[in-house]
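Following: one structure in structure tokens, then a few remarks.
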Amino acid sequence: MIHKHDVIIVGAGLAGLRAAVELSGTADVAVLTKVYPTRSHSGAAQGGVAASLGNASDDSIDLHFFDTVKGSDWLGDQDSQEQMTADAPEVVREMEHLGVPFSRTPDGRIAQRPFGGHSRPRACYGADSTGHFMLHTLWEQCVKRSIPIYSEFYVLSLVMQENACAGLVAMDMRRGEIHTFRSRAVLLATGGYGRAFKITSNAHANTGDGLSLVYRAGLPLEDMEFVQYHPTGLWKQGILVTEGARGEGGYLLNGKGERFMEKYAPKFMEIGPRDLVSRSIQTEINEGRGIGGQDFVHLDLRHLGAAKLRERLPQISELCRKFVAVDPVTAPIPIQPTAHYSMGGIPTDIDCRVIRDEKNAPVAGLFAAGECACTSVHGANRLGCNSLLDATYHGRRAGRTIRGFLGGKPTLLPLPENPEKEARDEIDRISRSGGPVKCGAVRHTLQETMSRNCGVFRTGTWLEEGLSIVKDLQDRAGKIGIQDKGSRFNTDLLEAIELGHLLEFSEIIICGALAREECRGAHWRNDFPGRDDKNWLKHTLAFRTEHGPRLSYKPVVITKYPPQERTY
């Protein structure tokens, strides 16, 4: 079956839906998503969206820009960072006008609270369900505009013609049918890949599918070695405990009852940047100062009181009670760092056009936005609340760029003779395999390996061991046998396809981390202490070859703030 649209958007999170809203009425736009839109992972974001609205008289857009540059450990491209922070107030107010129910100050303004790495309170929040509110608001707008949604469609491959994108191939998960979509433009907004790790805040759907689509199409991935651990995931669960809990005044306590952040970030304390706070927690655990010598510390909210927790952090309170049997009103919360966000991803220029080489040459008709993309506004470490800003802002920007692209009346490229061959071959190979290997066993070993060998702290020895294990798992994955041979909602088949993606980009993460012999942001090599701007102030690009990723590099864009020491 062949479908035709001007624009196909893959992903129904904030970036994808915001782009759809931007394009509606001016183009025939449709959204493909492997989960029902309101289940997209954007809805799990809790704490807020960053913007300098002027609630704090000493805040400014330029200060937000500098905090973002500093937070990125100077690996962010400053042209992109400056534009995003400059447009942030307008982006937030647009979302308010669309219907997002932000919390309010007593005089009626959008409420803002402190957040990690921000020098002023600029996290605009809706209690602790900000992402949920924003996602549902955009979904309502898409319904209002009658935007076609292909829900529970799994994209299997991009259709490329030379250096241009002609569409994509996807599976209707409910029926098992293969569909081809022709379009003038494709926007990838497929989210992150936290499911490569054992302890993660990410949903089960976050398997980095969009990244593999691009990588298998012969295009590079950028800065994949930079994976952010959020400091406060529920112990053993990884479920996110928003940074807003610390922004509201929560304390981090070790096994001795000490507020240990005083040692690591004496000025910012618990609202230091995420990479620093995660390393601090992990250091306390590694040195035996976890609670009872175990692998967690405490987040203490008891002093905030029941009324404030009910008003500002109701979801967190409920999650704690349900998943770790702790009421934060009366007891501290057991937390540990959890794999949370990918700073790297599909390389794009400032206007969300996917690029294909070190010279930033664009791929005609292919765009990316949100967590799957790397513009690079987050560099080596993302500041809290800049993710919802990134997704919403770049969804809007991508929509505007695509509208301009369509204004040039690009041709609807012809399809190759058999556009579905690659996708059907992969499905047939997995379905016919009667191998003894179980998908779940390979995935479990991969997640254990990535958490142990490529986590908060790294060394060359750990990374080399991890790479060897991943290579072995890639071989084992070729012998996976699935039990379900049916076509309708074949989750065995889908999990095997997703596992292939996880194994593919996990190798890139480790190779990039092994090559980068320095400490920068979320990438921390114990065997190469200190940031090395002379040799490593550059972006990593990884290209696919039959022997594994080939690494190349390109310069970081620095416009206003040259590198300096990063202290908190």
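In this text, residue positions in the sequence shown follow the numbering used here: the first is 619, and each later residue adds one. Don't be surprised by glycine CBs; every beta carbon is placed ideally from N, CA and C.
Give me the Cβ distance between ALA630 and SER658, rounded to the nearest whole Å; I'm assuming they're in contact under 8 Å. 5 Å
If I follow the unbroken beta strand (DSSP E) through GLN846, where does it start and stop? 845 to 852
Here's the rule I'm using: 16 or more other beta-carbon atoms within 10 Å means buried, otherwise exposed. How should THR723 be labelled? exposed
Among ALA633, ARG1149, ASP1151, which residue has its Cα nearest to the Cα of CYS760? ALA633
Unbroken stretches of the beta strand (DSSP E), 3 residues or longer, contained in the segment 771 to 827: 771 to 779, 782 to 790, 795 to 806
Any idea what DSSP makes of ILE620, helix, strand or coil? strand
Beta-carbon spacing of ASP913, GLN954 below 8 Å: yes
May I ask you to report which of helix, strand or coil DSSP gives ALA1131? helix
When we look at the beta-carbon of HIS1119 and count the other beta-carbons within 10 Å, is it buried (16 or more) or exposed? buried
What residue range does the alpha helix (DSSP H) around LYS881 cover? 879 to 882
For GLU700, decide whether its Cβ has a neighbour in chain B, counting only Cβ atoms nearer than 8 Å. The structure shown contains no chain B; it holds only a single protein chain.
Candidates THR1029, GLY890, ASN824, of which the one nearest PRO688 by Cα: According to the sequence provided, residue 688 is Lys. The question's Pro does not apply to it. Taking only the C-alpha atoms, the option nearest LYS688 is GLY890.
For the segment 803 to 823 and the segment 1063 to 1080, state whether three or more C-beta atom pairs, one from each stretch, are separated by less than 8 Å. yes
Output the boundary residues of the beta strand (DSSP E) element that contains THR1158. 1156 to 1161
Could you tell me if SER764 is buried or exposed, where buried requires 16 or more neighbouring beta carbons within 10 angstroms of its beta carbon? exposed
Of the listed residues GLY997, LEU894, ILE627, GLN664, nearest to LEU984 (C-alpha basis): ILE627
Flag this pair as yes or no: are the beta carbons of ILE968 and ALA991 separated by less than 8 Å? no
Minimum C-alpha distance to GLY862 - residue among GLU902, ARG907, LEU917, THR755: LEU917
What is the DSSP secondary structure of HIS996, reduced to helix, strand or coil? coil
If you compare alpha carbons, which of GLN1092, TYR882, THR651 is closest to ASP790? THR651
Return the chain-ordered list of same chain residues with a C-beta closer than 6 Å to the C-beta of HIS750, the five sequence neighbours on each side being excluded. GLY661
Check whether the segment 946 to 962 and the segment 915 to 929 are in contact - that is, three or more C-beta pairs closer than 8 Å. yes
Can you list, in chain order, the residues of its chain with a C-beta nearer than 6 Å to that of LEU1007? Leave out the 5 residues immediately preceding and following it. VAL667, ALA668, ALA706
Can you list, in chain order, the residues of its chain with a C-beta nearer than 6 Å to that of GLU888? Leave out the 5 residues immediately preceding and following it. ARG864, LEU870, MET879
Using the beta-carbon count (16 or more within 10 Å), is ALA648 buried or exposed? buried
If you scan the segment 1092 to 1155 from start to end, which runs of the alpha helix (DSSP H) of 4 or more residues do you find wholly inside it? 1109 to 1133, 1151 to 1154
Just curious, the alpha helix (DSSP H) that LEU1064 is in, first and last residue? 1057 to 1071
Taking the alpha-carbon of GLU672 as reference, which of VAL625, ALA729, TRP692, VAL845 has the nearest alpha-carbon? Here residue 672 turns out to be Gly, not Glu, going by the sequence shown. Nearest option by C-alpha distance: ALA729.
Give, in chain order, every unbroken run of the beta strand (DSSP E) that is at least 3 residues long and sits entirely within the segment 905 to 988. 915 to 918, 951 to 960, 971 to 973, 980 to 986
Here's the rule: buried if 16 or more other CB atoms are within 10 angstroms of the residue's CB, otherwise exposed. What is GLU1035? exposed
For GLY826 versus PHE1123, is the C-beta distance shorter than 8 Å? yes
Taking the alpha carbon of GLU1038 as the point to measure from, which residue in GLU714, MET702, THR798, SER747 has its own alpha carbon closest? THR798
Measure the alpha-carbon distance for ALA987 versus ALA807 and round it to whole angstroms. 5 Å
Compare the beta carbon distance of THR755 and VAL710 with 8 Å and say whether it is the shorter of the two. no
Would you identify the three-state DSSP class for GLN855, choosing helix, strand or coil? coil
Contact between the segment 998 to 1016 and the segment 727 to 747 (3+ Cβ pairs under 8 Å): yes
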